[in-house]
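Take the sequence shown: its position 53, counting from 1, is numbered 53 in UniProt numbering, and each next residue is one higher. Right, one structure below, let's go through it.
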Amino acid sequence: MLTVIDTFDDSVCHFPHNICITDGDSTYTYQEVAHIADVVASHLLAVPRADEPCLVGVYCQRNVFLLPMTLGIWKAGLTYVPLNPGDPSEKLTTIARSYRLSLVITDIDDAFTQSLQSQGLLASPADLTRATERPPVGASSSSPDTLAYLLFTSGSTGVPKGVMISHQALFATLNDLTTELDLSSEMTFLANTTLSFDISLVELFLPLTVSGALYLSKTNLFLSPFELHDTVATKGITHLQATPSALSCITGIGLTFPQGTVLLSGGEALPVNLATELVEMGFDLYNMYGPTETTIWSSCFRVTPDALRAGRRQGNTVPIGRPLPSEDFYLVDPSTCHPITLPGLEGELAIAGSGLAMGYLYDESKTAQSFVKLTLSGSEKQPVYLTGDLAHIMEDGHFVYVSRIDNQVKIRGHRIELSEIENLSLNHANVAQCSAIC
1 MLTVIDTFDD
11 SVCHFPHNIC
21 ITDGDSTYTY
31 QEVAHIADVV
41 ASHLLAVPRA
51 DEPCLVGVYC
61 QRNVFLLPMT
71 LGIWKAGLTY
81 VPLNPGDPSE
91 KLTTIARSYR
101 LSLVITDIDD
111 AFTQSLQSQG
121 LLASPADLTR
131 ATERPPVGAS
141 SSSPDTLAYL
151 LFTSGSTGVP
161 KGVMISHQAL
171 FATLNDLTTE
181 LDLSSEMTFL
191 ANTTLSFDIS
201 LVELFLPLTV
211 SGALYLSKTN
221 LFLSPFELHD
231 TVATKGITHL
241 QATPSALSCI
251 TGIGLTFPQG
261 TVLLSGGEAL
271 PVNLATELVE
281 MGFDLYNMYG
291 PTETTIWSSC
301 FRVTPDALRA
311 GRRQGNTVPI
321 GRPLPSEDFY
331 LVDPSTCHPI
341 TLPGLEGELA
351 IAGSGLAMGY
361 LYDESKTAQS
371 FVKLTLSGSE
381 KQPVYLTGDL
391 AHIMEDGHFV
401 YVSRIDNQVK
411 IRGHRIELSE
421 IENLSLNHAN
431 VAQCSAIC
């Protein structure tokens, strides 16, 4: 089994002068990104490793250094932890303390970074990309079964849950997407998503699997539809992705995009009316589905005019399709976990396969609750992730998302536990009782 670093190194070897990343101001080839990543890794090898896994937070403004910094973290055998500059400093401080971050790479001066300064936990991109006399790193220190990244989802106690994804799981998902989307080195993916949202990993690393390029936006272009249109048209963007909430901002204003531009929609249910508008705007549209715990995307459904006319829909939403080649979908009774096989019957969606997370860091109880072994096909039990999503399967084998079985909600693609809002509210001295509703 390979890792993202392996595929990147292969691209460096065969296409060293291909453009790897640009942000409109600076552009780096694969060879240049590899050099910077090696320098970063050389510096990071000196990071004390009192804890395993050794977690390195990335809390930076958006620029071309983000990619070689992450690759450098992996080449040094460390774990990438993306942090969102838009999050409250209290949340970030809780993450840094609760998950014992060994280092935070940052070019931002705010309350969060100031709180870490005295602890010696900060490093700047300038420091890590400065020439060093340390020997070259050589082969990557990361192996397929080691932890690639830690991403946080809403936790009912008020402390975000840290989802552990291995290099093997990340590679399997990206490899599946490369096949499903029929990618080539001619692609340019728009990297527009906040780094702490797991779909950003598709934008950053999927192009590396085919020696393609990524265009890193410095702002959320979906908030400026005409700027987004100009960027796609003038920068040669071939692939982009967003949540339906974001995509609704670019419809109804007369825009058309270059015919065949591939658009991945996910993170929320995709309404049929929105899908129809997007297809009419020129997009080659895919409806994606997948929780963070099964490595970004786990299924896809190509939304063609014929598919919409055929009525492949449940209520007013587009199906989530079939699982990716490395994944398996099952429906189980939410109470007994017994398998449900008849088309049309609703059940909790359970996901198995190469994309399964390693669990929740420092939370064995929650891991045991969500990652279980079930007898679903054959006589042997297999590990699955219980998604908490109700779904059913259609006669043609496509799955349809129905609803949640708990009080978790999604806001612009981000999972929110209502109980987390309640617990945080109760921490306020003037709040005696509260209830969060949506």
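Just so you know, even glycine gets a beta-carbon here, dropped at the ideal spot from N, CA and C.
Could you give the residue range of the alpha helix (DSSP H) that holds HIS229?
Your numbering for residue 229 matches position 229 in the sequence shown. It spans 225-234 - the alpha helix (DSSP H) in which HIS229 sits, taken as one unbroken run.
What's the gap between the Cα of THR387 and the Cα of SER141?
Mapped onto the sequence shown, residue 387 falls at position 387. Mapped onto the sequence shown, residue 141 falls at position 141. So the alpha carbons of these two residues sit roughly 32 angstroms apart.
With a floor of 3 residues, list each beta strand (DSSP E) that falls wholly inside the stretch 63-117, ordered by position along the chain.
Listed in chain order, they are 79-82 and 103-106.
CB-CB under 7 angstroms to LYS381, same chain, minus the five flanking residues each way: which ones, in chain order?
Numbered from its first residue, the sequence shown carries residue 381 at position 381. LYS373, LEU374 and THR375.
Between the Cα of ALA242 and the Cα atoms of GLN259, GLY236, ASP6 and LEU223, which residue gives the shortest distance?
Counted from its first residue, the sequence shown places residue 242 at position 242. Minimum Cα distance to ALA242 is reached at LEU223.
Using the DSSP secondary-structure output, state which residues sit across from ARG322 in a beta bridge.
By one-based count along the sequence shown, residue 322 stands at place 322. ARG322 pairs with CYS300.
Please tell me whether GLY359 and THR173 are closer than 8 angstroms, where the distance is taken between their beta carbons.
On the sequence shown, position 359 is the one that residue 359 refers to. On the sequence shown, position 173 is the one that residue 173 refers to. Not a contact, by the Cβ cut-off of 8 angstroms.
Quick test of your reading: VAL210 and THR129, contact by CB under 8 angstroms. State the CB separation rounded to the nearest angstrom.
Here the question's residue 210 lines up with position 210 in the sequence shown. Here the question's residue 129 lines up with position 129 in the sequence shown. That pair is no contact at about 26 angstroms.
Would the stretch 325-336 and the stretch 273-281 be scored as touching if the rule is three or more Cβ pairs under 8 angstroms?
Flag = no, the stretch 325-336 and the stretch 273-281 do not touch.
Taking the straight line between their C-alpha atoms, what separation do you get for residue 439 and ILE36?
The displayed coordinates of the chain run from 1 to 438. Any statement about residue 439 would go beyond what the structure contains.
Report the three-state DSSP secondary structure of TYR362 (helix, strand or coil).
One-based indexing of the sequence shown puts residue 362 at position 362. Coil.
Tell me which same chain residues have a C-beta within less than 6 angstroms of the C-beta of TYR286, skipping the five on either side of it?
Locating residue 286 in the sequence shown gives position 286, where the first residue counts as 1. Taken in chain order, the residues that qualify are LEU264, CYS300 and ARG302.
Determine the contact status of LEU103 and LEU121, defining contact as a CB-CB distance below 8 angstroms.
Here residue 103 refers to the residue found at position 103 when the sequence shown is read from its first residue. Here residue 121 refers to the residue found at position 121 when the sequence shown is read from its first residue. Taking 8 angstroms as the Cβ cut-off, LEU103 and LEU121 qualify as a contacting pair.
Where does ASN273 sit, in a helix, a strand or coil, going by DSSP?
As a working note, residue 273 is residue 273 in the sequence shown. The answer is helix: DSSP assigns ASN273 an H, G or I state.
Check whether the Cβ atoms of TYR30 and PRO16 lie closer than 8 angstroms to each other.
The residue you call residue 30 lines up with position 30 of the sequence shown. The residue you call residue 16 lines up with position 16 of the sequence shown. Yes, the Cβ-Cβ distance between TYR30 and PRO16 is below 8 angstroms.
Roughly how many whole angstroms lie between the Cα atoms of LEU66 and SER326?
Sequence index remark: in the sequence shown, residue 66 carries index 66 (1-based). Sequence index remark: in the sequence shown, residue 326 carries index 326 (1-based). Roughly 28 angstroms separates the two Cα atoms.
For GLU186, collect the residues of the same chain with a Cβ closer than 8 angstroms to its Cβ; drop the 5 residues on either side in sequence, then sort them by chain order.
Stepping through the sequence shown from its first residue, residue 186 is reached at position 186. So the qualifying residues of the chain are GLY212 and THR238.
So, ALA368 versus MET164, is the Cβ gap smaller than 8 angstroms?
Here residue 368 is taken as the residue at index 368 of the sequence shown, counted from 1. Here residue 164 is taken as the residue at index 164 of the sequence shown, counted from 1. No; because the gap between Cβ atoms is not below 8 angstroms, this pair is not in contact.
With distances taken between CB atoms, is the gap from ILE199 to GLY267 smaller than 8 angstroms?
Counting from 1 along the sequence shown, the entry for residue 199 is found at position 199. Counting from 1 along the sequence shown, the entry for residue 267 is found at position 267. Contact: yes.
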